[in-house]
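Worksheet: the structure to be examined is printed underneath.
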Amino acid sequence: MFDRWGRWVHRRRRWVLAVAGAALVFAGVWGTGVFGALTSSGGFDTPGSESAKAAQVAEQDLGRDEADVVVLYRGRTTVDDPAYRTSVEQALAALPKDKVTVAGTYWTTNAPQFVSNDRKATYAVLRLKGADEGTRSDNYKAVQDELTEVGGGLTAKVGGSVGTETAINERVSSDIGRAEGMAMPILLVLLVLIFGGLVSASLPMLIGGIAILGSFTALHMLTYVTDVSIFAVNITTFLGLGLAIDYGLFMVSRFREEIGRGASVEDALAATMATAGRTVAVSGITVAVSLSGLLLFDQNFLISMGYGGIATVFVCMVAALTVLPALLAVLGPKVNALSVRRGRRTSRGWWGRLAHSVMRRPVIYVVATVALLLALGGPFLRINWGGVDAKVLPDGADARVVAETLETQFTRNATSPIEAVVTGTSDRAAIQAYGDRLAAVPGVTGATVTGAKGATTRIALTYKADPNSGAARDLVHKVRDVQAPPDAHVYVGGMTADVVDQLDSIGATLPWLALLVGGATFLLLFLAFGSVVLPLKAIVMNMLSLSATFGAVVLIFQDGHLSGLLDFTATGSIAPAMPILMLAMLFGISMDYEVFLLSRVREQYDLTGSNTEAVAAGVQRTGSIITSAALLFIVVIGAFATSGITFIKMTGVGMAIAILMDATVVRALLVPAAMRLMGRANWWAPGPLARFYGKYGIREGDSPAPARSRLEPVG
2 MFDRWGRWVH RRRRWVLAVA GAALVFAGVW GTGVFGALTS SGGFDTPGSE SAKAAQVAEQ
62 DLGRDEADVV VLYRGRTTVD DPAYRTSVEQ ALAALPKDKV TVAGTYWTTN APQFVSNDRK
122 ATYAVLRLKG ADEGTRSDNY KAVQDELTEV GGGLTAKVGG SVGTETAINE RVSSDIGRAE
182 GMAMPILLVL LVLIFGGLVS ASLPMLIGGI AILGSFTALH MLTYVTDVSI FAVNITTFLG
242 LGLAIDYGLF MVSRFREEIG RGASVEDALA ATMATAGRTV AVSGITVAVS LSGLLLFDQN
302 FLISMGYGGI ATVFVCMVAA LTVLPALLAV LGPKVNALSV RRGRRTSRGW WGRLAHSVMR
362 RPVIYVVATV ALLLALGGPF LRINWGGVDA KVLPDGADAR VVAETLETQF TRNATSPIEA
422 VVTGTSDRAA IQAYGDRLAA VPGVTGATVT GAKGATTRIA LTYKADPNSG AARDLVHKVR
482 DVQAPPDAHV YVGGMTADVV DQLDSIGATL PWLALLVGGA TFLLLFLAFG SVVLPLKAIV
542 MNMLSLSATF GAVVLIFQDG HLSGLLDFTA TGSIAPAMPI LMLAMLFGIS MDYEVFLLSR
602 VREQYDLTGS NTEAVAAGVQ RTGSIITSAA LLFIVVIGAF ATSGITFIKM TGVGMAIAIL
662 MDATVVRALL VPAAMRLMGR ANWWAPGPLA RFYGKYGIRE GDSPAPARSR LEPVG
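In this text, residue positions in the sequence shown follow my numbering: the first is 2, and each later residue adds one.
Spelled out as structure tokens, the structure:
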């Protein structure tokens, strides 16, 4: 099938390039409009959860109580100075009333939580006008500069939910251009060194550029049918760029190899598509299936990443299987033009010797590498979950300074309380008794009614614990266990309650993700290689690699190791959605290298029938390419790891660590050792499945007959 496709593209190469050119122009003009169509909220909450219902009922019955904007004022004197009060009130009075209203200050409430411990700082809570998120965001941008205008020698910094979201969105947009500007020149230099020629090096870069514009276009299209998070742009961009360059490297390397053997352009392209093209197709489908698992979750952030990731992988796969072969067909032997060095330097012998060395002592290597990966994964057992707040911004960002100041210099959790929303009763005595029970819960420092209308009452609870701590999550459960007033229903919400609900939702969905991704991966690898053993081995090794990655993420981003080198401040917690996103992406990407390696091993096994020689030859022929592909992917991800948004940086660094381990420890050491131990069993399948593979398997066209049946049951 794939060889026929290669010949078809060769015959219609100019037509394929013309269509691709038109699509590229469209993507450049329309696709880049995606930035104005994405949702500014993170989408980390859990629709339908108790915390979401608490927010919904409170807003519906009591009106919005969200601290859209928090303006933090600091002066040389205390808030008791009349001049201090006058300066703040004049600044607030000057704000346009059609854009924003003042919800509360120290002087309108006399509430002590509005004053810092040294009494030199205070804050004002503002609510933006507008019935929807977009209108409120526009109103914020209209008054953003005015919010910091204050006289009397005071200073003002802006935070709050909308202020934080806007700061994050602006940083996301600026990070993308900087990351691409950093990655592209380095990628081009590395590709020139890998291929030894400018023309061949430019081809994966071109596919990478197509992938970026294609990603923007795919995301823009998705915004018409579903909300897409602003964070999808960064993550799908580096995923698309990395995969496209990997696929380009595989395809161009194989085409040059076939041309070097003296094949005609058409035959070389057919052979390339039957081997590397097949690998790209299987890999792309595997990555897409892995990302489709994100659609099972309730959080819009994960759903956005699922849709965006699947669309991005599809763009990469289509570009690699259509545009790239058409370009290769046009170039032919000129793919080696503009060479910057004579001859080819090769390290293939080294990879073959390494594989033979590993397979001479397979037990030692299996035990050592598995022990290493498990040890690296150990820290993941003590992960601390937390929400996404202003602390994801860089040090010194106004929204982060406001959040940290409120946390350390004011009454703790005054702006992030646990909220109990009581519905179904207007009995003040019953509500007062319920509030007293809440105040008596160990860890709660205060219970205050912050809104009441008809049969709905909102009670805000302050508490001692860090909102992102396990103690705070335990407190949410204790509050939810408190007996509600008679004939009433209580919804407990707030930031910490939202994290609790995220964990419950993700925990309930995780087994289904494992079943979908594991089952689909098993099926695809079986159809590709006709073995039931290899898919199981691949899944187990992937899980070992992922556990080591998550352990490293905890050490770095939760505990703060390397925070100085990576330029971030550890928050002591990790958002629950991030490991799920990394799991889905990394599981698919790891299979990318697995499929590429096993395709070459299978090719040699068909020729020789020797498992040991096939593994050594497969490692020898793919070692340098997989290492190069991993290096290129790490450069792409490393550029995005410079993001000022901590969880995007975490995703980049975590993926870079995973790919490095996968391309070295796993592919170079663990895979050869494990395949040596399993011997002929690597290629075993039960009789019925063997016959099924013989009929429906995804095999290379015109592959030679196997020297020994890989489907023959062992024993």
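The C-beta atom is built at its ideal place from N, Cα and C for all residues, glycine as well.
For Gln605, verify whether its CB is less than 8 Å away from any heavy atom of the ligand HEM.
In the structure shown, the ligand HEM is absent, as is every other ligand, since no ligand is present at all.
Check the DSSP bridge columns for Ser340 and list the partner residues they point to.
Taking the sequence shown and counting its residues from 1, the one referred to as residue 340 is at position 339. Answer is Gly198.
Which of the three DSSP states, helix, strand or coil, is assigned to Pro714?
Your numbering for residue 714 matches position 713 in the sequence shown. With a pLDDT of only 35 at Pro714, under the threshold of 50, the placement of this residue in the model should not be trusted; the figure read from the coordinates follows. If DSSP states are grouped into helix, strand and coil, Pro714 belongs with coil.
Does the Cβ of Phe256 have 16 or more other Cβ atoms within 10 Å, making it buried, or fewer, making it exposed?
For this step, residue 256 is matched to residue 255 along the sequence shown. Its Cβ being crowded by 16 or more others within 10 Å, Phe256 is buried.
For Gly49 and Leu188, what's the separation of their Cα atoms in angstroms?
As a position in the sequence shown, residue 49 is number 48, starting the count at 1. As a position in the sequence shown, residue 188 is number 187, starting the count at 1. Straight-line Cα distance between these residues: approximately 45 Å.
Roughly how many whole angstroms lie between the Cα atoms of Leu598 and Gln605?
Here residue 598 is taken as the residue at index 597 of the sequence shown, counted from 1. Here residue 605 is taken as the residue at index 604 of the sequence shown, counted from 1. Cα-Cα distance, rounded: 11 Å.
Going by CA-CA distance only, name the one from Val163, Val80, Ser532 and Phe45 that's closest to Leu690.
Working through the sequence shown from its first residue, we reach residue 690 at position 689. That would be Ser532, whose Cα lies nearest to the Cα of Leu690.
Assuming contact is defined by CB atoms lying nearer than 9 Å, are Gly249 and Gly285 in contact in what I supplied?
If you number the sequence shown from 1, residue 249 lands on position 248. If you number the sequence shown from 1, residue 285 lands on position 284. Against a cut-off of 9 Å, the Cβ pair of Gly285 and Gly249 comes out as no contact.
Should Gln300 go down as buried or exposed, given a rule of 16 or more other Cβ atoms within 10 Å for buried?
Here residue 300 is taken as the residue at index 299 of the sequence shown, counted from 1. Gln300 is buried by the Cβ-count criterion.
Taking all protein chains shown into account, do 16 or more other C-beta atoms lie within 10 angstroms of the C-beta of Lys158, making it buried, or fewer, making it exposed?
Here the question's residue 158 lines up with position 157 in the sequence shown. Burial call: buried.
First and last residue of the alpha helix (DSSP H) that includes Arg474?
Taking the sequence shown and counting its residues from 1, the one referred to as residue 474 is at position 473. It spans Gly471 to Asp482 - the alpha helix (DSSP H) in which Arg474 sits, taken as one unbroken run.
I need the straight-line Cα distance from Leu587 to Asp505, nearest angstrom please.
For the purposes of this step, residue 587 is taken as the residue at position 586 of the sequence shown. For the purposes of this step, residue 505 is taken as the residue at position 504 of the sequence shown. Straight-line Cα distance between these residues: approximately 23 Å.
Would you list the one or two residues that DSSP bridges to Trp386?
Position 385 of the sequence shown holds residue 386. DSSP, once it has assigned bridges, lists Ile575 as partnering Trp386.
Assess, as a yes-or-no matter, whether the stretch 370-381 is touched by the stretch 692-700 under the definition of 3 or more beta carbon pairs within less than 8 Å.
Touching, no.
So is Thr457 in contact with chain B if we call contact Cβ pairs under 9 Å?
Included in the structure is just one protein chain, with no chain B present.
Thr127 bridges to which residues according to DSSP?
Here residue 127 corresponds to residue number 126 of the sequence shown, with the count starting at 1. This sequence places Leu at residue 127; Thr is not what is there. Val70 and Val103.
What's the gap between the Cα of Trp16 and the Cα of Arg8?
Stepping through the sequence shown from its first residue, residue 16 is reached at position 15. Stepping through the sequence shown from its first residue, residue 8 is reached at position 7. Near 14 Å, if we compare the C-alpha coordinates of Arg8 and Trp16.
What's the gap between the Cα of Pro326 and the Cα of Leu671?
The residue labelled residue 326 in the question sits at position 325 within the sequence shown. The residue labelled residue 671 in the question sits at position 670 within the sequence shown. One C-alpha to the other measures close to 33 Å.
So, is Leu339 buried or exposed, given that buried needs 16 or more other C-beta atoms within 10 angstroms?
On the sequence shown, position 338 is the one that residue 339 refers to. So Leu339 ends up on the exposed side.
If we count the other Cβ atoms within 10 Å of its Cβ and call it buried at 16 or more, is Lys454 buried or exposed?
Within the sequence shown, the letter at position 453 stands for residue 454. Counting Cβ neighbours within 10 Å, Lys454 comes out exposed, since fewer than 16 surround it.
Using a 10 Å radius around the Cβ and a threshold of 16 neighbouring Cβ atoms, would you call Ile365 buried or exposed?
Indexing the sequence shown from 1 puts residue 365 at position 364. Exposed, since its Cβ has fewer than 16 Cβ neighbours within 10 Å.
Taking the CB atoms as reference points, tell me whether Ser291 and Thr227 lie closer together than 9 Å.
As a working note, residue 291 is residue 290 in the sequence shown. As a working note, residue 227 is residue 226 in the sequence shown. Taking 9 Å as the Cβ cut-off, Ser291 and Thr227 do not qualify as a contacting pair.
If Thr643 sits next to Lys392, beta carbons under 8 Å apart, how far is it from one beta carbon to the other, in whole angstroms?
Reading the sequence shown from its first residue, position 642 is the one you call residue 643. Reading the sequence shown from its first residue, position 391 is the one you call residue 392. With a Cβ gap of about 18 Å, Thr643 and Lys392 do not count as contacting.
Mapping DSSP to helix, strand and coil, what is Arg13?
Residue numbering aside, residue 13 sits at position 12 when the sequence shown is read from its first letter. Of the three classes helix, strand and coil, the one that applies to Arg13 here is coil, per DSSP.
Identify the residues that DSSP records as bridge partners of Ala453: which are they?
Translated into positions along the sequence shown, residue 453 becomes position 452. The partner list for Ala453 (beta bridge, DSSP) reads Thr458.
From Asp467, Val331 and Ile635, pick the residue whose C-alpha is nearest to that of Met183; which is it?
Start at 1 with the first residue of the sequence shown, and residue 183 comes out as number 182. Met183 has its Cα closest to that of Ile635, out of Asp467, Val331 and Ile635.
Which residues bound the beta strand (DSSP E) around Gly160?
Stepping through the sequence shown from its first residue, residue 160 is reached at position 159. Element bounds for Gly160: Thr156 to Gly160.
Here's a check: name, in chain order, each residue in its chain whose Cβ is nearer than 7 Å to the Cβ of Ala38, leaving out the five neighbours to either side.
As a position in the sequence shown, residue 38 is number 37, starting the count at 1. Within the same chain, Ala38 has close Cβ partners His221 and Thr224.
For Trp6 and Leu582, I'd like the C-alpha separation in whole angstroms.
Within the sequence shown, the letter at position 5 stands for residue 6. Within the sequence shown, the letter at position 581 stands for residue 582. Those two C-alpha atoms are separated by around 34 Å.
Can Leu394 and Ile646 be called in contact, C-beta distance under 9 Å?
Walking along the sequence shown from the start, residue 394 turns up at place 393. Walking along the sequence shown from the start, residue 646 turns up at place 645. Yes, Cβ-Cβ distance for Leu394 and Ile646 is below 9 Å.
When the Cα atoms are used, what is the spatial distance from Ala441 to Ala472?
Mapped onto the sequence shown, residue 441 falls at position 440. Mapped onto the sequence shown, residue 472 falls at position 471. Cα to Cα, the separation comes out at about 16 Å.
Taking 9 Å as the cut-off, decide whether the C-beta atoms of Arg668 and Val620 are in contact.
Taking the sequence shown and counting its residues from 1, the one referred to as residue 668 is at position 667. Taking the sequence shown and counting its residues from 1, the one referred to as residue 620 is at position 619. Yes. Within cutoff.
At which residues does the beta strand (DSSP E) containing Ala421 begin and terminate?
For this step, residue 421 is matched to residue 420 along the sequence shown. Where Ala421 is concerned, the enclosing beta strand (DSSP E) stretches over Ile419 to Thr424.
Report, in whole angstroms, the separation of the C-beta atoms of Gln433 and Asn118, which I expect to be a contact under 8 Å.
Start at 1 with the first residue of the sequence shown, and residue 433 comes out as number 432. Start at 1 with the first residue of the sequence shown, and residue 118 comes out as number 117. Wrong, their Cβ atoms sit about 30 Å apart, outside the cutoff.
Would you check if the stretch 140-159 and the stretch 83-93 touch, i.e. whether three or more CB-CB distances between them fall below 8 Å?
Counting Cβ pairs under 8 Å, three or more are found: they touch.
So the candidates are Phe232, Pro577, Leu584 and Met206; which of them puts its Cα closest to the Cα of Phe217?
Residue mapping note: residue 217 aligns to position 216 of the sequence shown, counting from 1. Of the candidates Phe232, Pro577, Leu584 and Met206, the one whose C-alpha sits nearest the C-alpha of Phe217 is Phe232.
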